[in-house]
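Chains as they are written, first to last, in the numbering used here: chain A, 38 to 264; chain B, 38 to 264.
There are 2 protein chains.
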Amino acid sequence: MKKSTKAPEAPIAKARREIKKFWNEEDDADLSETSRRKRKQILEAALESFLELGYEGASMNLVADRAGVIKQTIYSHFQDKQTLFQAVIASLTTEYVQTAIENPDVAGKPLPVVLRKLAETIFSRHEDPRHTKFVRTMIGEAGRFPELAKMFTETTVRPTSALITELLTSDTDYKFNDPEAFAKVFLGSVINHCMQQHILLGKELQPFDAMRIVDELVALVEMHKVK
Amino acid sequence: MKKSTKAPEAPIAKARREIKKFWNEEDDADLSETSRRKRKQILEAALESFLELGYEGASMNLVADRAGVIKQTIYSHFQDKQTLFQAVIASLTTEYVQTAIENPDVAGKPLPVVLRKLAETIFSRHEDPRHTKFVRTMIGEAGRFPELAKMFTETTVRPTSALITELLTSDTDYKFNDPEAFAKVFLGSVINHCMQQHILLGKELQPFDAMRIVDELVALVEMHKVK
DNA sequence: ATCTTACCATACCGATCGGTATGATCAGAA
DNA sequence: TTCTGATCATACCGATCGGTATGGTAAGAT
């Protein structure tokens, strides 16, 4: 009846490969241990600086200081500020993609359970302040760094949407006229709730229980059960 | 049966009042004609500069040049860069609030028609490149200017959500278990589609017809029709 | 032991930043 | 006409920007 859970993994793995290809990620193999450590320090410091102050607001001097490194070391690892920024965003994106939908314990579970689990994963991710800042930064710079925005949607939003679509179509207990559209409704409701509550600080003004959203969505799913 | 359409107007007007109060909008009455013109030139130039380059990326020199004005004139109208930025965002927010839901021609129309109209309004607004940049900027600076983000949600997202909730509850032809949650599902799906397609440039990678979203949503609404 | 390589500290570069000072010009109200 | 206030042009302020140069130090590989 239900398709195996292997299929959902495929687009994720593909996405990961595409990221590496997209960013021309060099092998770290030919770097010394200390050099790789420095590089990681730089990336971590740049990450916090960019997410805290934005691309223009964060200075290379600050990044160097926070990394415990001099500026020249940064420029020996990254061509310029833009490259460093792109590396930071790309690294964060891959991190979130890798931890995205790696719950293999949904095999054979009923559709509502799987969807609840998926929504909960997204909700819990938006509890992380770093993720909130990441999304803000990525969106804020989407106009100046369109490739970053495209990579983000391509590697996170789209596979998730595709996954939901597949879950909807493969479960023969349910029947949807336009599964792709319903998947976008489902995912859009979840994401937008996070956007409004966390990214735009709605939770400080008008907190709204995420469970009511997912309950409503599951109820809508149940209305599509074949009798 | 259906409530009058006056009710939806109330929260909008209230929001507008709150904006003015929030921003302590000074009366332009005591300013000379040329002075008011200069101020408008400055705001327009600042608007385009901030939306194009972000808060940190836009310089006061650039704004002055684009406004055809010297820097001192800017500082005679606005205390500093932050104040100017806040004025720009506030001005844009009020503009979008004012043109939000001023379609009085939905009186007595069936619920799906009204909801379609509402969704279309949101969709068409996101066709405007300036609005796209505005949303990107606002979200990007939400961490550094939390009051701006809060004002935005408070004056645009929340009243719209409340309006939909009221539409869902007041139409006795339909019955929803949790109208507020369904309203958020509806609005969330619409907004997230715009976010993904326009703000995050998804339309350049994977264009998706907005009509399929709204069709799906309306279909979901119809499933709640009382027999 | 030599040599290479990455890192260090410091200082520098021209440009630009947000914001201010000075003093001339110009328009409208008295 | 005189006065007042806003805008003008220009130049300046200290600070900081992204990025580079110089020359010394420390460590791992040959």
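We treat Cβ as the ideally placed atom computed from N, Cα and C, and that holds for glycine. Owing to the predicted nature of the structure, the values given are computational and were not obtained by experimental measurement.
Of the listed residues the options, nearest to residue i (C-alpha basis)
{"i": "A/C231", "options": "A/P216, A/E217, A/A218 and A/M248", "result": "A/M248"}
{"i": "A/S86", "options": "A/H261, A/G239, A/L99 and A/V172", "result": "A/L99"}
{"i": "A/M260", "options": "A/K146, A/F245 and A/Y211", "result": "A/Y211"}
{"i": "A/E184", "options": "A/L254, A/Q119 and A/R74", "result": "A/Q119"}
{"i": "A/K262", "options": "A/P166, A/L148, A/E132 and A/Y112", "result": "A/L148"}
{"i": "B/I201", "options": "B/G105, B/P166, B/E164 and B/L155", "result": "B/L155"}
{"i": "B/G180", "options": "A/V125, A/D102, A/P166 and A/A179", "result": "A/P166"}
{"i": "B/S161", "options": "B/V227, B/Q135 and B/S113", "result": "B/V227"}
{"i": "B/S72", "options": "B/G94, B/E89, B/I111 and B/Y92", "result": "B/I111"}
{"i": "B/K240", "options": "A/T209, A/M97, A/K187 and A/Q243", "result": "A/K187"}
Helix, strand or coil at residue i according to DSSP, with G and I counted as helix
{"i": "B/K187", "result": "helix"}
{"i": "B/K146", "result": "coil"}
{"i": "A/K262", "result": "strand"}
{"i": "A/K58", "result": "Residue confidence is low: A/K58 scores 48 on pLDDT, short of 50, so the model does not pin down where it sits. Its coordinate-derived value is still stated next. A/K58: helix per DSSP, three-state reduction."}
Assigned exposure category for residue i - 16 Cβ within 10 Å defines buried
{"i": "A/G145", "result": "exposed"}
{"i": "A/Q234", "result": "buried"}
{"i": "B/G177", "result": "buried"}
{"i": "A/H191", "result": "In the sequence as presented, His is not what sits at residue 191 of chain A; that position holds Glu. So A/E191 counts as buried."}
{"i": "A/V150", "result": "exposed"}
{"i": "A/I49", "result": "The pLDDT assigned to A/I49 is 48, lower than 50, so where the model puts this residue is not dependable, and the model offers no usable value."}
{"i": "B/S113", "result": "exposed"}
{"i": "A/D246", "result": "exposed"}
{"i": "A/K264", "result": "exposed"}
{"i": "A/L254", "result": "buried"}
C-beta neighbour in chain B for residue i, strict 8 Å
{"i": "A/K75", "result": "no"}
{"i": "A/G239", "result": "yes"}
{"i": "A/F219", "result": "yes"}
{"i": "A/Q233", "result": "yes"}
{"i": "A/S226", "result": "yes"}
{"i": "A/I236", "result": "yes"}
Short CB-CB distance (under 8 Å) between residue i and chain A
{"i": "B/G222", "result": "Here the sequence assigns Val to residue 222 of chain B, which means Gly is not the residue at that position. Yes, B/V222 counts as interfacial toward chain A."}
{"i": "B/T190", "result": "yes"}
{"i": "B/G91", "result": "yes"}
{"i": "B/N214", "result": "yes"}
{"i": "B/S86", "result": "no"}
{"i": "B/Q135", "result": "no"}
{"i": "B/H163", "result": "no"}
{"i": "B/A82", "result": "no"}
{"i": "B/P149", "result": "no"}
{"i": "B/A186", "result": "yes"}
- prompt: Can you list, in chain order, the residues of the region 106-126 of chain A whose Cβ is nearer than 7 Å to any Cβ on chain B?
  reply: none
field: Positions along the region 194-208 of chain A whose CB lies within less than 8 Å of some CB in chain B
entry: V194 and R195
field: Cβ-based contacts, 9 Å cut-off: residues of the region 168-181 of chain B near chain A
entry: T169, K170, V172, R173, T174, M175, I176, G177, E178, A179, G180 and R181
- request: Could you run through the region 243-260 of chain A and flag, in chain order, every residue whose CB is less than 8 Å away from some CB of chain B?
  value: Q243, F245, R249, I250, D252, E253, L254, A256, L257 and M260
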